[in-house]
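Contents: one structure, followed by commentary.
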Amino acid sequence: MWLAGAVYLPVDPEHPAQRLAYVLEDSGARAVLTAPGVGLPEGVQARVLPLQRVGQDGPLPDTSASGPDPDSCAYLIYTSGSTGKPKGTLISHRGLGNVVQHFAEELKVTAEDSVLWLTTFAFDISALELFLPLVCGGRLVVASDEARTDGRALLGEVVAHDVGIVQATPTTWRVVADAADGRLTGRRLVCGGEPLPPALARTLAASGGSLLNVYGPSETTIWSTSGPVPADVDRVDVGRPIAGTQVFIVDPDGRELPVGVQGELCIAGAGVALGYHDRPELTAERFADHPVYGRHYRTGDLARLRPDGTVELLGRTDRQIKLRGHRIELGEVEAVLLGHPGVRDVAVVVVGRGGADAALVAFVESPDGLAAGLTAHARSLLPSAAVPQEIVVLESLPTTANEKRDHLALTRLAEQRRAERSPTAEAVPEAQSGAAGQLLALWQTTLGRTDIGPDANFFDNGGHSLLGAQLVQRIEKTLGVPVRLTDLFAHPTPLAMAERLEAGA
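In numbering that gives the first Met the number 0, the protein residues as written are 0 to 504.
Put into structure tokens, the structure is as follows:
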């Protein structure tokens, strides 16, 4: 594909059809490579090329004298956009080659190594998993669908295929760490995509493997900084710039700030993207030139540099978040909900401690006090990670003295609602007995709410695959029976799961 001068655009067929259609149309994709049986969303005009397993007859063609221009586009990746529409970022061959070469050296990858392809193809960090072993002559091990959400299954495949390098988000690592039991010893672990909590960092660093914490937005090609994490860490930073990369801090007027002073993090160097696809105004807003560092990307992340050159992240200058490794613009979620005819105003906030516990809560203002079908509406247009766990209808949204939405007050209200619904020893009725009663208590504990009954669907009440992995582990520990995540998808209510366990007893 690259030798033909083409650009690859990864899309996840599990995303809503309307989102897929927008990405394919906005990108101008002329051909789509798919697995047999996977078609295009209705109305999309592109040539479909089904991938099939074929044999190779004869020697491979000699391509040593050809290759793409380093400054041409290698891939186009779409991420959440504040306007309600995803935006495409154009990444160069130079940027991709730079990050792959850096981590090949930092992780000491050889032809004897196996690297796990764990991340969905549509998440840019998957490119490192894919190309790292290919560049180094190593082996790519493709994780099963079950391993992508089940920590024990993932560890089983890591051991079975002698995988030496595993990359994952903190949310995934938390599930894996709970079941590690010495199986990470001697392996190289890479963690990024969202902040790494110190407690999890200590657990992973003490697992017997070497741990590398990494950071970088899509606009600077996968990862821009990295740093090893010691076992006794009490404050996790994101390390120093990788090879071919420079970082600096600026004030709101774009003036460079000295070491130790908080400001906006800017990234320059080989990994800086070519810009946003067909979005010249946004490209001009986020990418700029500097007299010393040259072309750079303004990340929107608050940070400061330490005297040793490491980067300490302090938050965001806007309303963009990372949730279970996915970059989400809260403005996009709000824009989608505002598209529902029953919604007059909306505000989305984040609650929870981070990782699998973090969740989106949407507060909507509805003229008739009821906006039916909002969750289904959101699911039809947003990736699963961006669908609010709870949608609360209010008569009117609170505002600040400046007549702006009071997100702080709404966050406090969301946390209060969550605390009131969180199960306690007194909250779980003693009258509930048998497997169904025990399972209901586990449903309530995992989801953090007591307002659900034995026929409550786990995934319709804020559950997702990573919380599901936690629930499965709790079921096995409490009831002493083997359960797989696929069982939860097939039997998502306490009653249905009880019937499944009784039938299998």
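Don't be surprised by glycine CBs; every beta carbon is placed ideally from N, CA and C.
Collapsing the DSSP output to three states places N212 in a strand.
Taking a C-beta distance under 9 Å as the contact criterion, A497 and L438 qualify as a contact pair. Cβ-Cβ distances below 6 Å link F120 to P9 in the same chain, with the five nearest sequence neighbours on each side left out; the list follows chain order. Ranked by Cα distance from V98, the options R138, G215, T88, V350 are led by G215. DSSP places K107 outside both helix and strand once states are collapsed to three, so it counts as coil. Setting aside the 5 residues that flank it on each side, V349 is surrounded in the same chain by I320, A357, L359, each with a C-beta closer than 7 Å to its C-beta; the list follows chain order. In this structure, V345 lies away from H376, with their beta-carbon atoms at least 9 Å apart. Beta-carbon to beta-carbon, R473 and T445 are separated by about 7 Å, close enough to satisfy the 8 Å threshold. Under a 10 Å Cβ-count criterion, K86 is classified as buried, with 16 or more other Cβ atoms of the shown protein chains found around its own Cβ.
In this structure, G4 and P67 form a Cβ contact; the two beta carbons are roughly 7 Å apart against a cut-off of 8 Å. With at least 16 other beta carbons inside 10 angstroms of its own, G467 counts as buried. In the structure shown, the three-state DSSP call for T184 is coil.
Judged by DSSP in its simplified three-state form, F362 adopts strand. The three-state secondary structure of F120, taken from DSSP, is coil.
Sorting V141, D454, P132 by C-alpha distance to the C-alpha of L117 places V141 at the top. Cβ contact annotation for V332 (same chain, cutoff 6 Å, sequence separation greater than five): V347, A385, in chain order. Below 8 Å, enough C-beta pairs join the stretch 194-201 and the stretch 160-171 to call them touching: three or more. Counted as a single uninterrupted DSSP element, the alpha helix (DSSP H) harbouring D25 occupies residues 16-26. For G94, the CB contacts under 6 Å within the same chain, skipping 5 residues up- and downstream, are T220, A269, G270 in chain order. If you look at S379, you'll find it in the alpha helix (DSSP H) that goes 373-380. Within the model, the alpha-carbon separation for Q100 versus Y21 is close to 33 Å.
According to the DSSP assignment, L484 belongs to no beta strand (DSSP E) but to the alpha helix (DSSP H) extending over 484-489. For D300, the enclosing beta strand (DSSP E) covers residues 293-304. Inclusion of A30 and A45 in the CB contact set at 9 Å is warranted, their separation being smaller than that value.
Contact between the stretch 248-262 and the stretch 150-157 is absent, with fewer than three C-beta pairs closer than 8 Å.
A straight-line Cα-Cα distance of about 10 Å links L337 and L373. Excluding its 5 nearest sequence neighbours in each direction, M0 has C-beta neighbours in its own chain below 7 Å: Y7, listed in chain order. The criterion of a C-beta distance shorter than 9 Å is not satisfied by A283 and S91. Counting C-beta atoms within 10 angstroms of its own C-beta, R378 has fewer than 16 neighbours from the protein chains shown and is therefore classed as exposed.
Three or more beta-carbon pairs separated by less than 8 Å link the stretch 311-329 to the stretch 289-302, which places the two stretches in contact.
Counting along the chain, the unbroken beta strand (DSSP E) around P49 starts and ends at 46-49.
For the 9 Å CB-CB criterion, R239 and G226 form a contact.
For K321, the enclosing beta strand (DSSP E) starts and ends at 319-322. A distance of 9 Å or more separates the beta carbons of R417 and V391. Here L195 is buried. Its C-beta has 16 or more other C-beta atoms within 10 Å.
Cα atoms of P35 and S464: separation of roughly 26 Å, rounded to the nearest angstrom.
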